[in-house]
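Everything on this sheet refers to the single structure shown next.
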Amino acid sequence: MQNTLLEHHIPKGLRNITSKVVNNIRITNDEALLLYQKGEIGFLGALANTIREKTFLEIKTFFNRNFHIEPTNVCVYSCKFCSYSRLYKHREDGWELSVDDMLNIVKKYDGIPVTEVHIVGGVHPKLNLDFFCDLLQKIKAHRPDLHLKGFTAVELDYMFKKAKLSPKEGLQKLKDAGLQSLPGGGAEIFAADIRKQICEDKVDAKGWLEIHKAAHEIGMHTNATMLYGHVESYEHRIDHMSQLRDLQDETNGFNCFIPLKFRNKDNEMSHILEASLVEDIKAYSMARIYLDNIPHLKAYWPMLGRNNAQLMLNFGVDDLDGTIDDSTKIYSMAGSEESNPSLSTEQICQLIIDAKRVPVERDTLYNEIKTYQLNEV
Ligand code: V47
Ligand code: SF4
1395 MQNTLLEHHI
1405 PKGLRNITSK
1415 VVNNIRITND
1425 EALLLYQKGE
1435 IGFLGALANT
1445 IREKTFLEIK
1455 TFFNRNFHIE
1465 PTNVCVYSCK
1475 FCSYSRLYKH
1485 REDGWELSVD
1495 DMLNIVKKYD
1505 GIPVTEVHIV
1515 GGVHPKLNLD
1525 FFCDLLQKIK
1535 AHRPDLHLKG
1545 FTAVELDYMF
1555 KKAKLSPKEG
1565 LQKLKDAGLQ
1575 SLPGGGAEIF
1585 AADIRKQICE
1595 DKVDAKGWLE
1605 IHKAAHEIGM
1615 HTNATMLYGH
1625 VESYEHRIDH
1635 MSQLRDLQDE
1645 TNGFNCFIPL
1655 KFRNKDNEMS
1665 HILEASLVED
1675 IKAYSMARIY
1685 LDNIPHLKAY
1695 WPMLGRNNAQ
1705 LMLNFGVDDL
1715 DGTIDDSTKI
1725 YSMAGSEESN
1735 PSLSTEQICQ
1745 LIIDAKRVPV
1755 ERDTLYNEIK
1765 TYQLNEV
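Written out as structure tokens, the structure is:
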């Protein structure tokens, strides 16, 4: 092992694992569990940061300019952690946008240099594959340069089953209509015993992974998430990340991993205390240490809060997502302190610079658009 400062602080029992991590050797699930159980945050953070700076992009820190469209919050499913969905039977609480409504949202950004639209919502029983193909085609026709990222595997699973298409056939149709990549939502925690407790009626782990695999096989990149800090254990988190690491070995189609902190406001899991900041730091650091084949680790600031997202830049994170400046409701409704998530390019760059990193605007596929210097912000 290199003779680094780190060496003097290695906790008992973690010397071999540390040596593997700093030498870019993959760690096993048992080793990850030991790190989770025995590593304190300074140590885990130093490891995660070492990997991030050595293997992934030194101190570059990415953000993009994007906006979100949420077609509906009506949902046939009943995930217990969800503060956002309104069941079909309570439709008076829900909204449902037409293709024209959504096109009007896109038109609001005419002349504004956004590069991506992120389209995710509830699973409405009446909105089908043809509706979304029509939407994608119309957005593309209006603004061909906008990258269309959309639909969680949960929405896709429902759409494809209704259309009686395989994931590959359904995804090909969406791709032909203009879809370019998939966000990472709906993964939660893969283990069946946890899904049974928190989201028993939607697509299972096998279905989620099949859809992402099919997307990778037709040339789309996708993201992956993990909802942490509720009823799951460290073992469940490692099992979740291990299924992602295995698929990534096969397809290399995941661009980034996003740990999503469970927020407890106004949902059926409100009695569960939210994870502490120490646990957040462990979740992010461990993700960077364990997922040696997923290039980017994103802190989604509207959910984590901008200050904690900034802090994570020292714990393996190299991406803060976007300068979202519209209404991303899913987190404000679940209790994030970011009740109106909006950060200008200047503000996001300042957060990054204050953490002694270099802000780089990227597109969805992490092509670099512009590196910002201190005096430009
Ligand atoms: O799957 C729902 C999560 C996800 C709560 O790919 C909650 O770039 C915390 O996946 N507390 C959807 N989390 C959002 C998502 C996402 C967001 C930003 C960027 C990307 C990307 C993906 O939101 C759901 C679920 O895991 N979620 N309710 C809650 N109470
Ligand atoms: Fe529906 Fe998604 Fe909410 Fe689950 S998390 S109830 S699938 S909107």
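My numbering puts the first residue of the sequence shown at 1395, with every later residue one more than the last. Don't be surprised by glycine CBs; every beta carbon is placed ideally from N, CA and C. As the structure is a prediction and not an experimental result, all values here were calculated from the model.
If you check the beta carbons only, do residue i and residue j fall under 8 Å apart?
| i | j | result |
| --- | --- | --- |
| L1576 | F1525 | no |
| V1357 | E1464 | Past the boundaries of the shown model lies residue 1357; the chain is included only from 1395 to 1771, so the question cannot be answered. |
| F1656 | E1668 | yes |
| I1435 | I1675 | yes |
| L1523 | A1557 | yes |
| I1605 | A1547 | yes |
| R1758 | L1737 | Reading off the sequence, residue 1758 comes out as Thr, not Arg. Their beta carbons are not under 8 Å apart, which means T1758 does not touch L1737 by this criterion. |
| L1441 | I1763 | no |
| N1646 | N1443 | no |
| I1666 | H1624 | yes |
| G1572 | L1550 | no |
| Y1471 | D1595 | yes |
| L1542 | V1511 | yes |
| L1654 | T1619 | yes |
| Y1760 | F1456 | yes |
| Y1628 | Y1478 | no |
| L1691 | D1715 | no |
| G1710 | A1749 | no |
| F1584 | H1634 | yes |
| K1569 | I1612 | yes |
| G1439 | N1467 | no |
| E1368 | L1621 | There is simply no residue 1368 to check, as the chain begins at 1395 and stops at 1771 in what is shown. |
| K1567 | C1527 | yes |
| P1538 | A1608 | no |
| G1407 | K1432 | yes |
| V1415 | I1445 | yes |
| R1700 | L1671 | no |
| E1425 | I1411 | yes |
| K1532 | L1497 | yes |
| L1705 | R1639 | no |
| E1755 | N1458 | yes |
Which residue comes first and which comes last in the alpha helix (DSSP H) that contains residue i?
| i | result |
| --- | --- |
| P1696 | 1695 to 1698 |
| C1527 | 1523 to 1536 |
| P1561 | 1561 to 1571 |
| M1553 | 1547 to 1556 |
| N1410 | 1409 to 1416 |
| H1630 | 1628 to 1645 |
| S1423 | Looking at the sequence itself, residue 1423 is Asn, so the reference to Ser does not match. Residues 1423 to 1432. |
| C1743 | 1739 to 1748 |
| D1587 | 1586 to 1592 |
| L1441 | 1435 to 1448 |
In the DSSP assignment, what are the bridge partners of residue i?
| i | result |
| --- | --- |
| V1672 | Note: V1672 sits in no beta bridge, so no partner. |
| E1490 | T1466 |
| I1513 | I1463, G1544 |
| G1716 | N1458 |
| P1653 | M1620 |
| P1753 | T1455 |
| S1472 | The partner list for S1472 (beta bridge, DSSP) is empty, contrary to what the question assumes. |
| L1691 | F1651 |
| S1575 | K1543, H1615 |
In the DSSP assignment, find the beta strand (DSSP E) that holds residue i and state where it starts and stops.
| i | result |
| --- | --- |
| E1762 | 1762 to 1765 |
Of all Cβ atoms in chain C, is any one closer than 8 Å to the Cβ of residue i?
| i | result |
| --- | --- |
| I1533 | The question asks about chain C, but that chain is absent: this structure has only one protein chain. |
Residues surrounding the ligand SF4 [beta-carbon distance to nearest heavy atom under 5 Å]: C1469, Y1471, C1473, C1476, S1479, G1516, V1548
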